[in-house]
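Working notes, structure below.
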Amino acid sequence: MLNLQLGIRYSVEKHASIRRELRPGDFDPNEKFWTWFPTEGSKCTAPHQSLEFKWKDYCRMVFRLVFIRLREFFAIDPADYMLAICENDALRELSSPGKSGSIFYLTQDDRFMIKTFKEI
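Numbering of the sequence shown is given in full-length UniProt numbering, commencing with residue 1 and proceeding in unit increments.
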């Protein structure tokens with residue numbers, strides 16, 4: 001779960017200041033961005049207490065803009081959002097009996113839910 005939180009924090013903070021219109025290429029589902037998270041940290045990532053892992057962003061500019069607009073529409077403070085998802089012990093895993101193999105996470109304050117997807 002720590003890897004998920006570190007990846008979300010990285011994705012949200014890394015591109016938060018970029019403001020531009022979306023381009024057709026931003027919607028390319030084959031466009032993937034990999035970030036390596038070594039335990040000792042790197043020039044792009046902070047040190048952490050999990051195993052090293054790779055984080056994959058799909059259509060990162062599209063999702064960045066969509067989630068910024070959703071948070072603005074629902075008047076969700078970006079700092080509150082980050083604390084709710086990325087704070088220690090912020091997420092709890094929900095059991096999912098479905099066939100998809102997805103995992104659901106709920107924040108401790110019950111405000112946000114995350115659903116994972118199996119790679120297609």
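Glycine is no exception: its CB is placed at the ideal position from the N, C-alpha and C atoms.
For residue i: DSSP bridge partner residues
i	result
F37	F53
T107	L91
Y58	K32
Cβ-based neighbour list, residue i, same chain, cut-off 6 Å, excluding 5 preceding and 5 following
i	result
K56	K32 and W34
DSSP three-state assignment for residue i, whether helix, strand or coil
i	result
F117	coil
K14	helix
L22	coil
G7	helix
P78	helix
A46	coil
Cβ-based neighbour list, residue i, same chain, cut-off 7 Å, excluding 5 preceding and 5 following
i	result
K14	none
R111	A84
F73	none
P78	R71
K115	S102 and F104
E40	P47
I8	I85 and C86
S96	S102, I103 and F104
Integer-rounded CB distance, given that residue j should sit under 8 Å from residue i
i	j	result
E21	F37	The Cβ separation is near 30 Å, so there is no contact.
S11	R60	7 Å
Same chain, Cβ closer than 8 Å to residue i, five either side skipped, listed in chain order
i	result
A90	Q5, L83, A84, T107 and Q108
S42	W36
M1	L91, E93 and Y105
V62	L22, D26 and F27
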